[in-house]
Structures are given as structure tokens and as C-alpha cells.
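Enquirer:
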Amino acid sequence: MKMMNVAAATMLATALATVPLVAQDGANMITATKSQFDMVKGYITKAAEQVGEDNYAFKPTPEVRSFGQLIGHVADSNYMICAAAAGEKSPASGIEKSAITKAALQKALAEAFAYCDKVFAGMTEEKSEEVVSFFGNKQPKLAVLAFNTAHDFEHYGNIVTYMRLKGMVPPSSQRGM
Amino acid sequence: MRRVLLFVVVLAMASGPAFAQTADGGPLSASLKRIWDGVKRNVQESAEKMPAEGYGFRPAGVAEEVRTFGQFLAHIGGGSMSYCGRAKGEAPEAMQASGKRFADLEKSGSREEIIKALGESIAYCDGVYGSMTDAKLLELIPAGQMQVPRAQPLISNISHDNEHYGNLVTYFRAKGMVPPSTERTQKR
Chain V
38 MKMMNVAAAT
48 MLATALATVP
58 LVAQDGANMI
68 TATKSQFDMV
78 KGYITKAAEQ
88 VGEDNYAFKP
98 TPEVRSFGQL
108 IGHVADSNYM
118 ICAAAAGEKS
128 PASGIEKSAI
138 TKAALQKALA
148 EAFAYCDKVF
158 AGMTEEKSEE
168 VVSFFGNKQP
178 KLAVLAFNTA
188 HDFEHYGNIV
198 TYMRLKGMVP
208 PSSQRGM
Chain E
7 MRRVLLFVVV
17 LAMASGPAFA
27 QTADGGPLSA
37 SLKRIWDGVK
47 RNVQESAEKM
57 PAEGYGFRPA
67 GVAEEVRTFG
77 QFLAHIGGGS
87 MSYCGRAKGE
97 APEAMQASGK
107 RFADLEKSGS
117 REEIIKALGE
127 SIAYCDGVYG
137 SMTDAKLLEL
147 IPAGQMQVPR
157 AQPLISNISH
167 DNEHYGNLVT
177 YFRAKGMVPP
187 STERTQKR
């Protein structure tokens, strides 16, 4: 497993005496959720790098987001959803509307992902089950983070097809990813 | 896929009773099931919305080695059986048979066959997600040489389905159609 969390795994081993637990890296809900976030974060970051500036305005049909708007939307939503999980006010918004250049969008995306990384890093098993308000309902913090990852994957799916339409191979289908 | 989409998916996840207050098996297992319910609905409605002639569709300009609309659905069904089977601890023989069935469907399945098999995969996963408690999600299960929490394949399944639903959304748009998640919002 990529994610290391020996302390959490040890706590888990103490809590669940009925299963043959070993204090094993990555063996809890937080790291299971974080590993998926890391995966999609890597894919979207790579896609943002590999698509050329000239294709940031590309959109398959007029009514949908352009590639650059998708990147901006992912940045906005990561800030908003991870802030909800942290119980904080979102530190940034409006990137989709304000950032246009590839460099600005890449920077905003990296900062948004870094913000979510920080929220994950502050998560403990106890905190992960604390409930926060999320669109009018009470949700465990970790579930809000899991939802963020699901949302990222959906838009990565859009990005994949945008890249295919431009004759490119998306990061998840490239060797070494 | 417009700006309303985030709002739509958030509503899909957040609507209804607050799970943290009603979950018998614990808040995390209830939330995971709710996220699964959101994406399974999108996928199932996609399968039903696309007519038979669209099952062989891939947008102009997309290379031939890329999946068609119908192939994505068969792939999603096969993936769900695999991920949920791992979480359940399904027998290897059953996993292999299921893998072959969906691989065959991906090669040459009709719309009816794919919808039927996809529905069965969703029902199978419903049983697995529905049987989870927070404690069960934390149990360790084998994954190759490693052990992972039972939650891991269930979280991966949601990621996988969302990724491919994202592909389907753009295929719908390329065909001049509105994807089901957006259509629901427009009807509100």
C-alpha cells in the first residue's frame, strides 16, 4: 500500500480483536479513502500537464464545460468539499470562472489538491466519524472526503474522453501510471 | 455536465434522512452505500436511456481501441462484480465465471443482454453494500500478498463506476443527448 499509517492500524488492531489483524500499513478506512484520492489526483494533475494550452478551450459540444473549465471546476469543488469535511470555510472559490490560462489552472488545481491533502492529514479515526453539515445534512467527515473523490473520478472520466477526442492517451491508460 | 452537476450529485448523496442519524450499521457504511446508490442510479439510467443503436457508439475522432458506449456498461458490470465479490469473499470459481461472462458481453453483448447483466451486477453489489457495518468495513481481507480493509474494494468500485459514468456523460453529449444526472436536474 502506498499510504503508511502504522499508528492507525495499531489502533484498529486493538479495536477489532475478532479478525486476525496485523499492524499493517494502509489498513484502515482513512488510508483506503486517501489512496483513491491520491490516484485520481495523480490522473487529473497529469492530464492538466499533458493537454496543451491550445486545447484548454476545447469542448466536445457547446453546452458543456471546456477542458480548462473542468480543471477549474475540479479545483473549486475540492476546496468546497474538503473544507466541508474539515468544518472550515472554503479558502477559495470561483476558479472556474476566473482562471483561464493553463498555468493559472494548473496552479489552482495543485493548490486545491494540496488543501485536501492537508485535510486528510489531519484526519484521525475519531475525527473521521465526526459529523459535519454538508448541503443541509449531517455526514461523517470521511464520507464527505469519499464523496469528493467520487466526484473527481466522474470528471476525470469526462477528461479521459476529451483527451481521446483529441487523439491523446489519458494518464490512466499510459504506461507507468 | 454544466455547473449544476456538482449540485446534482451532492443532492443525490445528501438528500433523504441524515444517514449519520439513521444508520444501523454505523455512519460510514451508511454513507458509503448512499454514494454507491448515487452512481449506480446514474449508470443504470444511462443503460436504459441509450437506444440499441447507440450501444455501438463512440464519438467521431475517438480511436477504435477505445470502448463503445455498450462496452463501457459491460465493463462497469464486470468491474462491479469483481470489486463487490472481493469485498464479499466470493468463491474464486464464481469470480472467474462472472469475469468471463462480462468479458464476453463486452465483446458482443446486445443492449438487452447488457442491461440484464448490469442489473444483476448492481443487485449483487446492493447486497454487499447493504450487508456492511462500520466494523465489517474495517475487517482485513486478502488482496494478493497484502491485506486491505473490506472497504477498499467497495471504495474502488465507486471510483471505477464514477470514472466510467464520466465517459458515458461525454458520449451522451457527443450524441446530442442529455445525461441522466443532468436530466433529473432539468426536471426539477
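Chains as they are written, first to last, in this note's numbering: chain V, 38 to 214; chain E, 7 to 194. Think of the CB as a built atom: it goes at the ideal place given N, C-alpha and C, for glycine as much as any other residue.
1) Comparing the C-beta of residue 65 of chain E with each C-beta of chain V, is any distance below 8 Å?
2) Residues of chain E with CB under 8 Å from residue 212 of chain V, in chain order?
3) May I ask whether a heavy atom of the ligand GDP can be found less than 7 Å away from the beta carbon of residue 71 of chain V?
4) Ignore the nearest five residues each way along the sequence and tell me which others in residue 35 of chain E's own chain have a CB closer than 6 Å to its CB.
5) By DSSP, does residue 28 of chain E sit in helix, in strand, or in coil?
6) Does any residue of chain E have a CB that is nearer than 8 Å to the CB of residue 138 of chain V?
7) Between the segment 184-196 of chain V and the segment 116-128 of chain V, can you find at least three pairs of beta-carbon atoms closer than 8 Å?
8) At a CB-CB cut-off below 8 Å, which residues of chain E make contact with residue 194 of chain V?
9) In chain E, which residues lie with their C-beta within 8 Å of the C-beta of residue 97 of chain V?
10) Can you name, in chain order, every residue of its own chain whose Cβ lies under 6 Å from the Cβ of residue 83 of chain V, other than the five neighbours on each side?
11) Is any beta-carbon of chain V found at less than 8 Å from that of residue 192 of chain E?
12) Is residue 202 of chain V close to chain E, meaning its C-beta is less than 8 Å from at least one C-beta of that chain?
13) Is the Cβ of residue 116 of chain V closer than 8 Å to any Cβ of chain E?
14) Quick check: the Cα distance between residue 65 of chain V and residue 57 of chain E, rounded to an integer number of angstroms?
15) Kindly say whether residue 77 of chain E, judged by its beta-carbon, lies nearer than 8 Å to any beta-carbon of chain V.
16) Going by C-alpha distance, which of E:191, E:187, E:194 is nearest residue 47 of chain E?
17) Should the segment 125-133 of chain V be regarded as contacting the segment 101-117 of chain V, the criterion being three or more beta carbon pairs within less than 8 Å?
18) In the DSSP assignment, the alpha helix (DSSP H) including residue 87 of chain E goes from what residue to what residue?
19) Kindly indicate which three-state DSSP category residue 224 of chain E falls into: helix, strand or coil?
20) Is any beta-carbon of chain E found at less than 8 Å from that of residue 160 of chain V?
21) Span of the beta strand (DSSP E) holding residue 170 of chain V?
22) If the cut is a Cβ gap below 9 Å, which residues of chain V does residue 37 of chain E touch?
23) Quick check: what's the CA-CA separation for residue 173 of chain E versus residue 163 of chain E?
24) Can you round the beta-carbon distance between residue 76 of chain E and residue 62 of chain E to whole angstroms, since I take them to be within the 8 Å contact cut?
25) Would you mind working out which of V:175, V:196, V:169 sits nearest residue 93 of chain V, comparing C-alpha positions?
26) Ignoring anything shorter than 4 residues, give me the alpha helix (DSSP H) runs that lie fully in the segment 107-145 of chain V, in order along the chain.
27) Nearest-angstrom Cα distance between residue 160 of chain V and residue 178 of chain V?
28) Which whole-angstrom value is the C-beta distance of residue 77 of chain V and residue 86 of chain E, which I expect to be below 8 Å?
29) Strictly below 8 Å CB to CB, what residues from chain V border residue 69 of chain E?
Expert: According to the data block:
1) yes
2) Chain E residues near residue 212 of chain V: none, gap ~15 Å exceeds 8 Å.
3) The ligand GDP is not part of this structure, which contains no ligands at all.
4) 138, 139, 140, 143
5) Residue confidence is low: residue 28 of chain E scores 43 on pLDDT, short of 50, so the model does not pin down where it sits. Its coordinate-derived value is still stated next. Helix.
6) no
7) yes
8) 168, 169, 170, 171, 172, 173, 174, 175, 176
9) 65, 176, 179, 180
10) 208
11) no
12) yes
13) no
14) 42 Å
15) no
16) E:187
17) yes
18) 75-94
19) Because chain E spans 7 through 194 in this model, residue 224 of chain E falls outside it and cannot be assessed.
20) no
21) 168-171
22) 176, 177, 179, 180, 181, 183, 184
23) 16 Å
24) 6 Å
25) V:196
26) 132-135
27) 9 Å
28) Not really, about 18 Å apart at Cβ, beyond 8 Å.
29) 201, 204
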